[in-house]
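These notes are about the structure you will find just below.
2 protein chains.
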Amino acid sequence: MRILHHLPLSPQSRLARLLLGEKRLPYELVIEKVWEQNEAFYALNPAGDVPVLVEESGLVVPGARVICEYLEDVYPDTALLGRTVGERVEVRRLLDWFDRLFQQEVTVNLLGEKVEKRLFGQGLPSGNVLRQGYKNLRFHLDYIGYLAETRTWLAGPSLSAADFAAAAHLSALDFLGDINWKHAPSVRDWYARVKSRPCFRSLLSDKVSGITPPPHYADLDF
Amino acid sequence: MRILHHLPLSPQSRLARLLLGEKRLPYELVIEKVWEQNEAFYALNPAGDVPVLVEESGLVVPGARVICEYLEDVYPDTALLGRTVGERVEVRRLLDWFDRLFQQEVTVNLLGEKVEKRLFGQGLPSGNVLRQGYKNLRFHLDYIGYLAETRTWLAGPSLSAADFAAAAHLSALDFLGDINWKHAPSVRDWYARVKSRPCFRSLLSDKVSGITPPPHYADLDF
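Chains as they are written, first to last, in full-length UniProt numbering: chain S, 1 to 222; chain U, 1 to 222.
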């Protein structure tokens, strides 16, 4: 069976789960406590982080971006990277946007401070960092809202990996209760459409020790 | 004419230049002073950073990773992302390694402190950050050395975008005189091979105001 080494709240792992689910590729989840720096896991992925996909053939595919390109190369039937050259550039531009900008400006400042710092034994969240994270989140919600208002899906006319990358980050922050949907109605409408895809179900039933998501987290009609 | 908006010492811009050069695609360079936050440039790339490729057709391709995938999609003749599924996973794993790990652990701490901080008016380099950068650089040189000793090129039997990604970062640090090649002979031998490619010439003649590279920077037999 195909295995995905992951962490429930890792947006990169969530992206891999959504892509596998949307392409209807069955997989088993294995939680990898990356902070324990397990040697066997470093042998799979020298970078030491999740997600890592291990195919039944034994092929090891580490990292969400690598998994995304790999799945599109090998299982192209449900195209998630766009069909035309221009669409592919736009999907990948947004993948890069969420993987680098959103990750550094929002996810590291909120999820990193509240969850990862504790797991890695690095102390309490910093108020200044959280404030910067919330400020950056408002900018990013405006940008996602602008895309959602002017296009059918974030990268254009078709549902793509860009939607799943954005939804992966937002869903992890939503689990922490960090998203005020009332202030971002266009983002909420787009997110409700992504959230209702069958591939999203596994994310909505995630359990994380010590964190209770808000009641709307798993609600498709929030 | 195809245009690449770039900065001479940006490793991501250098990667784009090397890929274009290796694929023998002619282009003109335009320097983009990203710290001036030029509105016309934000219209090309909302992320506000270099490189940005603009094709003669007007198609805008922002970001080194996006450019890399785009060039391979559209100009596949000189394959730089590997030929088999396994090779493509390994090339992209290393692209991810240099784009995220090397960038955050080494490049930001050295090039970021010494050059970008000045350009963005953020003050003097921090000794602690530089020390951490040099420490991380030693680990990364060991890893690159291990790959160079066990394979023909970094990702396997063929020259690939992984070699250019690594060389793009190392060449920018070498411009600053930050690489002690004597302590990394296997990396030096591999780098000499990459450096002697015709696509590398444009990097070796770069001029940057206020920084004089060490004499060995442009020497193919260093």
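Just so you know, even glycine gets a beta-carbon here, dropped at the ideal spot from N, CA and C. The structure displayed is predicted, hence computed values, not measured ones.
- request: Could you say which of S:201, S:173, S:189, S:59 lies nearest to residue 211 of chain S if we only look at CA atoms?
  value: S:173
- request: Since I believe residue 171 of chain U is in contact with residue 21 of chain U (beta carbons under 8 angstroms), could you give me their beta-carbon distance rounded to a whole number of angstroms?
  value: Residue 21 of chain U to residue 171 of chain U, Cβ: 13 angstroms. No contact.
query: Hey, is residue 145 of chain U's beta-carbon within less than 9 angstroms of any beta-carbon in chain S?
result: no
task: State the beta-bridge partners of residue 28 of chain U as determined by DSSP.
output: U:3
message: With a threshold of 9 angstroms between beta-carbons, can residue 35 of chain S be considered close to chain U, or not?
response: no
- request: For residue 163 of chain S, decide whether its Cβ has a neighbour in chain U, counting only Cβ atoms nearer than 9 angstroms.
  value: no
query: Roughly how many whole angstroms lie between the Cα atoms of residue 130 of chain S and residue 36 of chain U?
result: 27 angstroms
- request: Measure from the C-beta of residue 61 of chain U to each C-beta in chain C and report whether the shortest distance is under 9 angstroms.
  value: Going by chain labels, chain C is absent from the structure shown, which instead holds the protein chains S and U.
message: Below 7 angstroms on C-beta distance, what does residue 18 of chain U contact in chain S?
response: By Cβ distance, chain S contributes nothing, its closest Cβ being about 19 angstroms from residue 18 of chain U, past 7 angstroms.
task: Please go through the same chain and pick out, in chain order, the residues whose beta-carbon is closer than 6 angstroms to the beta-carbon of residue 29 of chain S, but skip the five residues on each side of it.
output: 4, 6
- request: Note down, one range per segment and in chain order, each alpha helix (DSSP H) of at least 4 residues found wholly within the UniProt domain "GST C-terminal" (84-214) of chain U.
  value: 85-96, 127-150, 161-175, 185-195, 201-204
field: Rounded C-alpha distance that separates residue 2 of chain S from residue 72 of chain U
entry: 28 angstroms
Neighbouring residues, chain S, relative to residue 69 of chain U (Cβ below 9 angstroms): 69, 81, 88, 89, 92
query: Which bits of chain U does residue 97 of chain S rub up against, with CB to CB less than 7 angstroms?
result: 47
- prompt: By a C-beta neighbour count over all protein chains shown, 10 Å radius and 16 as the cutoff for buried, is residue 103 of chain S buried or exposed?
  reply: buried
query: I think residue 60 of chain U touches residue 67 of chain U, with their Cβ atoms under 8 angstroms apart; what is that distance to the nearest whole Å?
result: Not confirmed; about 11 angstroms, so no contact.
task: In angstroms with no decimal places, state the Cα-to-Cα distance between residue 39 of chain U and residue 47 of chain U.
output: 12 angstroms
query: For residue 66 of chain U, which residues in chain S fall below 7 angstroms Cβ to Cβ?
result: 89, 92, 93, 96
is_contact[residue 54 of chain S, chain U] using C-beta, thresh 9 angstroms: no
query: DSSP puts residue 61 of chain U in a beta bridge; with which residues?
result: U:53
task: Label residue 107 of chain S either buried or exposed according to how many other C-beta atoms from any shown protein chain fall within 10 Å of its C-beta, with 16 as the threshold for buried.
output: buried
For residue 184 of chain S and residue 141 of chain S, believed in contact at Cβ under 8 angstroms, the rounded distance: 4 angstroms
Burial state of residue 216 of chain U, where buried means 16 or more other Cβ atoms lie within 10 Å: exposed
query: For residue 162 of chain U, which option in U:150, U:96, U:112, U:52 has the closest C-alpha, if you only look at C-alpha atoms?
result: U:96
- prompt: Taking the alpha-carbon positions, what's the residue 218 of chain S to residue 194 of chain S distance?
  reply: 13 angstroms
message: Quick check: what's the CA-CA separation for residue 152 of chain S versus residue 158 of chain S?
response: 7 angstroms
Inter-residue CB distance, residue 98 of chain S and residue 192 of chain S (contact presumed, cutoff 8 angstroms): Going by Cβ atoms, the distance from residue 98 of chain S to residue 192 of chain S rounds to 19 angstroms, so no, they are not a contact pair.
- prompt: Going along the chain, which residues of its own chain have a beta-carbon closer than 6 angstroms to the beta-carbon of residue 53 of chain U, five neighbours each way excluded?
  reply: 4, 61, 67
query: Within the 9 angstroms Cβ cut-off, does residue 15 of chain U reach chain S?
result: no
- prompt: With C-beta atoms as the reference, is residue 113 of chain U less than 9 angstroms away from residue 126 of chain U?
  reply: yes
- request: Could you list which residues in chain U have their beta carbon closer than 8 angstroms to that of residue 73 of chain S, in chain order?
  value: 85, 88
message: For residue 77 of chain S and residue 24 of chain S, what's the separation of their Cα atoms in angstroms?
response: 10 angstroms
Nearest-angstrom Cα separation, counted from residue 26 of chain U out to residue 168 of chain S: 38 angstroms
query: Going along chain S in order, which residues have a C-beta closer than 7 angstroms to the C-beta of residue 101 of chain U?
result: 47
- prompt: Among S:160, S:146, S:205, which has the Cα closest to the Cα of residue 188 of chain S?
  reply: S:146
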